[in-house]
Structures are given as C-alpha cells and as structure tokens.
Amino acid sequence: MVLAVAGALVAAVALRIAGDALERPGVDEFYAQPPDAADGDPGGLVKSEALLGAPLASSAWRIMYRSTTADGDPVVVTGTVVVPWGPTPPGGRTVVAWGHPTTGSARDCAPSYGFDPFVGIEGLRWLLLRGYAVVATDYTGMGTDGPDSYLVGGTAGANMLDAVRAARELLGAQASDRVILWGHSQGGQAALFAAERAADYAPELDIRAVAVAAPAADLLGLMSAHLDDISGVTIGSYAFQAFADTYGDSVPGVQLDSILTPEAIAILPEMNELCLLSNIDRLHEIGEPVVGRFTTSDPTTTPPWSELLAENSAGSVAFDAPLFVAQGLDDALVVPADTTGFVAHERAQGMSVRYDQIPFATHATVAYLALPGMLEWLSRVTGD
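In the numbering used here, the protein residues as written are 15 to 398.
Printed below as a string of structure tokens:
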C-alpha cells in the first residue's frame with residue numbers, strides 16, 4: 015500500500031512537471047499587457063489562462079488583474095489561483111491570499127512566471143486539503159510591467175486584496191467573501207498592510223484571520239540590523255530603488271544619491287535584475303565589495319529615508335481579525351527581538367495575537383515549521 019501511494023505521488027508530480035514544461039514556450043505572451051489593461055476598477059480581471067501543471071487534485075490559473083500603488087495610481091499585476099477539486103461548500107470557499115517572501119524585484123522573478131509557480135506557496139497542499147481557494151500575487155513590477163514595489167507596504171497590501179477580488183471574479187460562486195491573509199517575510203509585511211487597509215480599501219471582503227511568518231514588519235529594525243552586511247546590500251538594492259521609484263516625484267530628497275554611495279548606485283542595475291534564490295552567489299559576488307560602503311549615512315536616522323522606512327513598517331493601524339505571528343529563534347535575517355517588539359505593539363493596540371516562537375527555525379524554514387500551529391489556530395479562530 016505504501017509503495018502504491020508513493021507511486022501515485024511520484025506520478026502526480028511527474029504530470030505536474032510535464033504540464034509546466036508544455037506551458038513554457040508561450041509563457042511570455044501572457045505577461046504582455048493589452049493597451050487598456052489598467053482601465054477599470056481595482057481587482058478587475060484582465061485575463062486568465064488555465065495551467066496544465068496544477069497541483070494534485072486541483073485546478074489552477076495564471077491571472078492578470080488591476081490594482082493600485084500606495085499612492086492610488088492604477089497598475090496591472092499578475093499571479094496565480096488554485097482551487098481544489100470537489101463540491102463547493104455552502105456559501106463558497108474561503109479564499110487564502112498568499113504573500114510570497116523575497117524572490118527579487120525584476121519581472122522574471124515573479125513566482126507565477128517560474129517553471130513551477132506553486133512550489134513557493136508555503137502550506138499550499140494543506141490549505142487545499144482544507145477546501146480553501148488560494149490566490150498568490152506577484153506584486154507590482156513583477157511578472158508584467160509596473161513600478162518597483164519591493165517593501166512598499168501600501169502597494170503590496172493593495173495587490174493582495176485585489177488578487178482576492180480577481181480570484182472571486184474568476185471563480186464565481188466557488189469563492190466566498192471570507193478571506194485569510196497568509197505571508198512570509200516580505201509577504202508578511204504585505205499581509206499586515208492588507209489587513210490594515212482592508213476596511214477602507216476592500217470593505218466587501220470579510221478578513222477572518224491574518225497569519226505571518228518572520229514578517230518584515232519593522233523596516234527600521236530590519237535595516238538597522240543589516241547596515242554592514244551582505245543582506246543589507248541585497249535588501250537595500252531592491253528596496254532603495256523601489257522607494258525612489260515610488261516616492262521620488264512626491265517626497266523631496268528621495269534620490270538615490272542622497273543615501274547611497276556612488277559604488278552602491280553603480281551595482282544597482284545588475285543587482286535588481288537578479289532573482290534572489292537562483293542567483294544568490296552572483297548577488298553576493300557583486301555586493302560584497304560595497305559592504306560597509308553601501309550607504310552614505312544611516313538610513314534609519316536620515317530623513318526622508320527614515321520616515322519612509324517607518325511609513326512602510328506595519329502596526330500603524332489596528333485591525334479586528336485575529337493575528338498569528340511565527341518567528342524562528344535561529345532567524346538571522348528578521349531578528350527575533352524585532353518581531354517580539356512588533357507583537358507587543360499589536361497587543362498594546364488591543365489586538366488578539368498568538369505568537370509562536372519556534373526553536374531552531376531559520377528565516378528559510380520558519381513558515382513550514384509554523385504550519386502545524388498555524389493550521390490548528392486557524393481551525394479555532396475561523397471554525398474551518
């Protein structure tokens with residue numbers, strides 16, 4: 015029996031990989047925006063295509079939809095939708111919006127564009143087994159044309175909420191207005207901003223729960239912890255370019271040469287074209303020579319950069335949904351003390367927060383190791 019089950023799983027994975035391979039030749043065509051792609055309401059579906067390489071016992075689509083930036087400007091975003099096979103429950107399926115961790119900032123770093131667009135959705139199999147529909151945004155500027163948005167909380171939060179709207183348009187009666195927000199690292203920041211904005215931005219959605227793992231919630235703390243290491247150079251290369259693109263025309267002093275050294279500015283074009291996981295060695299090779307010489311001053315204390323880091327840190331607005339936070343105690347990127355401080359801040363605002371501190375979990379493993387606790391918590395707070 016064990017051999018039969020194992021064989022079935024291997025066959026399912028083989029079919030998924032074969033489907034992914036068959037889709038690759040025409041994949042770039044999907045990401046070309048129609049001339050009127052941005053015209054319409056946020057969350058409107060521009061186009062979709064069914065994917066052959068869907069996870070086991072599910073159907074999946076690649077989507078293009080409308081959203082907005084932190085300043086309210088219209089943008090077009092891409093992503094994926096997955097829904098399990100089987101009868102739709104009364105009232106439709108709860109929709110889980112997934113916010114992915116850092117993959118880069120270039121168009122080709124979009125998860126939906128990858129060979130297996132589902133491999134990075136942490137907990138996907140368990141979410142589908144629970145009957146949830148899952149939608150995963152790529153964020154603005156990835157997948158299809160748009161401004162850089164790395165760690166711009168308002169943009170990423172809107173992208174997650176509008177992804178839910180697009181998924182509901184695609185799925186019709188299969189999808190309810192009940193929403194769970196789930197994100198890791200950069201995606202944790204996105205999920206928190208989505209929760210903070212939901213009542214005003216997407217009041218038709220019922221945010222039932224918010225779960226984050228090692229969230230980039232405190233950008234001042236994150237940047238301060240890595241001012242003089244390679245993580246700071248990599249994160250800073252993505253983030254300072256995105257902040258300059260987002261705020262350069264509206265906030266005085268947001269020019270790259272006001273915070274980055276000439277050596278740092280020189281490496282930005284190549285750094286920002288490289289995706290994190292597939293090019294980590296090359297990113298380090300380019301970035302190591304400017305470690306300690308990346309910024310001209312401390313951005314956490316230098317206006318207007320310090321104000322922008324604070325503005326894009328979560329916690330300025332409380333929300334009604336219960337919050338789950340997981341933090342690995344061996345995380346060398348998101349410092350555990352910063353997450354502990356964020357949790358204390360949220361509780362001080364009167365929010366219901368469960369905080370799981372996981373021994374031995376690193377930044378890479380914390381979302382997976384948090385799943386048993388997170389799923390048990392979801393059952394309790396949502397009744398699903």
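For glycine and all other residues, C-beta sits at the position ideal for the given N, C-alpha and C.
Helix, strand or coil: which one does DSSP assign to residue i?
i	result
Y164	coil
M365	coil
Q200	helix
G113	strand
L276	The question names Leu, yet the displayed sequence has Pro at residue 276. Helix.
G301	helix
R211	helix
R394	helix
A180	helix
A147	strand
A231	coil
A384	helix
I244	helix
I372	strand
A189	strand
G355	helix
G171	helix
If you draw a straight line from the C-alpha of residue i to the C-alpha of residue j, how long is it?
i	j	result
L66	S72	10 Å
M237	Q269	18 Å
T83	V89	7 Å
R368	S245	28 Å
T353	P49	43 Å
M388	V304	39 Å
A213	I194	14 Å
S81	V178	11 Å
V60	V265	32 Å
S393	L143	13 Å
P229	Y79	25 Å
L274	L70	47 Å
P56	G171	12 Å
V380	A216	30 Å
R182	A384	28 Å
A225	P336	8 Å
S320	D42	38 Å
V109	E284	37 Å
Q47	A358	43 Å
Shortest alpha-carbon distance to residue i belongs to which of the options?
i	options	result
T169	P217, E284 and A204	A204
P104	Y146, E218, D334 and T353	Y146
N173	F356, D191, G93 and V41	G93
A278	S292, T310, E287 and L142	T310
D312	V357, A239, L337 and A328	A239
R139	A68, H298 and A209	A68
F132	R121, A74, G155 and A187	A74
E360	V226, H377, V331 and V380	V331
T154	T315, R211, R296 and G201	G201
Ordered along the chain, which non-local residues of its own chain (more than five positions away) have a Cβ less than 7 Å from that of residue i?
i	result
N326	L165, V166, G167 and L233
D152	V91, T92, G93, A124, P125 and S126
D220	D191, R192 and V193
A253	Y164 and L165
Among the residues of its own chain, which have a CB less than 6 Å from the CB of residue i, if the five just before and after it don't count?
i	result
G118	C289 and L290
Y45	G157 and T158
L297	T248 and L288
What are the partner residues of residue i, as DSSP defines its beta bridges?
i	result
E63	R76
T82	P88
P98	S72
T108	Paired residues: none, contrary to the question.
L337	V224 and V367
I194	V110 and A223
T309	L274
I249	I249 is not bridged to any residue.
G93	I77 and T151
Apart from the five residues just before and just after residue i, which ones in its own chain have a Cβ nearer than 8 Å to its Cβ?
i	result
L343	P350, Q371, I372, P373, F374 and A375
G355	D232 and G235
G397	none
G262	V268 and Q269
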